[in-house]
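Structure first, commentary second.
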Amino acid sequence: MLEQALTGTRLISLPSLSAADLDAVIAYAVGDGGRVCAVVDSFPVAARDALVTGLAKLRPVEVLDRVVPDPRVEDIMAMAARVRATKPDAIVAIGGGSTLDSAKALAMLAVHEGDLEDYLGPEPRRKIGGKGTLMIAVPTTAGTGSEVTRFGVYTARGGRKYTLAHPALQPDIAILAAALTHSLPPAVTAATGIDALSHALETIWNRNATPASDRAATGAATSILEWLPVAYQSARTGGTAGRAEMLEAACRAGTAFNRTGTAMVHALSFILSEEWHVPHGVACAFTLEDAARINGEDPEIARKLGRILGAGGDASAGAPERLAERIVSLKRAVGLPFTFRDVGAEIGADDIGRLFAKAFGDPKMRNNAVPVEEDRVYELLRSKL
Ligand SMILES: [Fe+2]
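Position in the sequence shown counted from 1, then plus 574, gives you my numbering.
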């Protein structure tokens, strides 16, 4: 399987996951008596809670649930104190991207000294040495792909979001069980699904792209364009159609951008999340169609975007615009934003340069296949006032 070659994480795919199944995977990884820290979101989720309760009947489990969206260093350090005291054999993360990212930092901090903030930023005070505690990732959203990447995103005490990238953050095992995504509400389905689409597209218009990352990302993007509206409809009606396809596509997109990193859409999204706490996927939706048009100015990228739409040869000339229109209609269908007002951001034309200049110090911005000048981005953002 191509995706397995793009990630160091061992992938297990099951329609549903019982506590006995999860216990068997843990036993395979660390043995029968292994101690586990389970990292979960702080709010109740019936299927996940049943899984953790069932697991705790089979082996010692310490539950850590201090996880918020855009996970914060102070919460992770509070959990790290417990992990360092418990010295678990495995860390099992069951949740969305914030939970999985928190667990990655905890697995690293279990065997490294200091504060998470020491490891963040362009000139970190400490460097990650080697591998952390064994980690098993069980995603309950179809979006971040965090279960198969070496990235974690953390909000420092000052409010700035940083991406930490290191092979030590790569989960050892990921278990995809679509049943765990069945209860996702419509808004979360939309936001996490468009995040996955942005990962696939930002891999394709990435200057680090390879033939293998292109192939995985193209497959993921085609699948998400087809299945996200179906999964969104399922979320509204209580059905399950599209859930398994979205979980697989989001994971495939994760394996793709694990090789390339993301680009302008993500760099700009961080400012929206830092300033106005816009959920990550919603913030990624904000400039996705614009980035398709900008990067599509490169003929090679236009050809690659054409492949997503099933167009070959000359048809690729109009592909960026057609893809941008597909993104616009998808965003309309699932209620994602186009303007600052849509994301609840109060901002004037004079604020744009001041607030968004930080995005140009983000290495992700330099991954764009078509270099983006500050003035061009500010003009684009002013059109969204
Ligand atoms: Fe993302």
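For glycine and all other residues, C-beta sits at the position ideal for the given N, C-alpha and C.
Item	Value
Quick check on the DSSP output: the beta strand (DSSP E) that includes L588 runs from which residue to which?	R584 to L588
According to DSSP, is R699 helix, strand or coil?	coil
At the level of alpha carbons, what is the spacing between I882 and G793?	7 Å
Hey, L625 and D597: beta-carbon distance below 8 Å or not?	no
Between the alpha carbons of H686 and S672, how many angstroms are there, rounded?	21 Å
How far does the beta strand (DSSP E) with I994 in it reach, from first residue to last?	For the chain, the structure presents residues 575 to 959; residue 994 sits outside this window and is missing.
Return yes when the C-beta of T834 is under 7 Å from any heavy atom of ligand 1, and no when it is not.	no
Quick one: is the Cβ of D769 within less than 7 Å of any heavy atom of ligand 1?	yes
Quick check on F914: buried or exposed, where buried means 16 or more other Cβ atoms within 10 Å of its Cβ?	buried
When you measure from the CB of H962 to every non-hydrogen atom of ligand 1, does any distance come out below 7 Å?	Residue 962 falls outside the range modelled here, since the chain spans only 575 to 959, and no answer is possible.
If you compare alpha carbons, which of T777, G828 and I665 is closest to S837?	Here residue 837 turns out to be Ala, not Ser, going by the sequence shown. Measuring from the Cα of A837, the nearest candidate turns out to be T777.
Pick helix, strand or coil for F725, following the three-state DSSP scheme.	strand
First and last residue of the beta strand (DSSP E) that includes A739?	K735 to A739
Can you name the start and end residues of the beta strand (DSSP E) that L708 belongs to?	L708 to P713
How many angstroms separate the CA atom of S590 from the CA atom of V951?	44 Å
Counting C-beta neighbours from all protein chains within 10 Å, is the total for T811 16 or more, i.e. buried, or is it exposed?	exposed
Is S772 near ligand 1, judged by its Cβ being under 7 Å from some heavy atom?	yes
Quick check on V647 - is its C-beta less than 8 Å from some C-beta in chain D?	The structure shown contains no chain D; it holds only a single protein chain.
With a threshold of 7 Å on Cβ separation, who are the neighbours of R724 within its own chain once the five nearest residues in sequence on each side are excluded?	A739, H740, P741, L743, Q744 and N832
Identify whether V657 lies in helix, strand or coil by the three-state DSSP scheme.	helix
Out of I768, P618 and L708, point me to the one whose CA is closest to A907's CA.	I768
Let me confirm a value: R633 is counted as buried when at least 16 other C-beta atoms fall within 10 Å, else exposed. Which label applies?	buried
Using the Cα positions of A857 and A815, report the straight-line distance between them to the nearest angstrom.	26 Å
Starting from V944 and walking both ways along the alpha helix (DSSP H), at which residues does that stretch end?	Segment: none, V944 is in no alpha helix (DSSP H) and carries neither H nor E.
For T796, which residues of its own chain have a beta-carbon under 7 Å away from its beta-carbon, when the five flanking residues on both sides are left out?	I882
Alpha carbon to alpha carbon, how far is I710 from K701? Give it in angstroms, no decimals.	23 Å
Counting only the same chain and skipping the five closest in sequence on each side, list residues whose C-beta sits under 6 Å from that of R699.	D692
Is the region 817–828 touching the region 844–854 in the sense that three or more CB pairs, one from each, lie closer than 8 Å?	no
Exposed or buried, which one is S616 when buried takes at least 16 other CB atoms within 10 Å?	exposed
So which of A809, N941 and A620 has the shortest CA-CA distance to N782?	N941
Give the list of continuous beta strand (DSSP E) stretches no shorter than 3 residues that lie fully inside the region 591–674.	610–614, 635–638 and 664–669
With DSSP as the reference, label L750 as helix, strand or coil.	strand
Out of A753, A594, F860 and T737, state which residue places its alpha-carbon closest to the alpha-carbon of T714.	A753
By Cβ distance below 7 Å, which residues in the same chain neighbour N869 in space, the five residues on each side in sequence not counted?	W779, I875, N942, A943 and V944
Mark R646 as exposed unless 16 or more other C-beta atoms lie within 10 angstroms of its C-beta, in which case mark it buried.	buried
Is the closest heavy atom of ligand 1 to the C-beta of C858 under 7 Å?	yes
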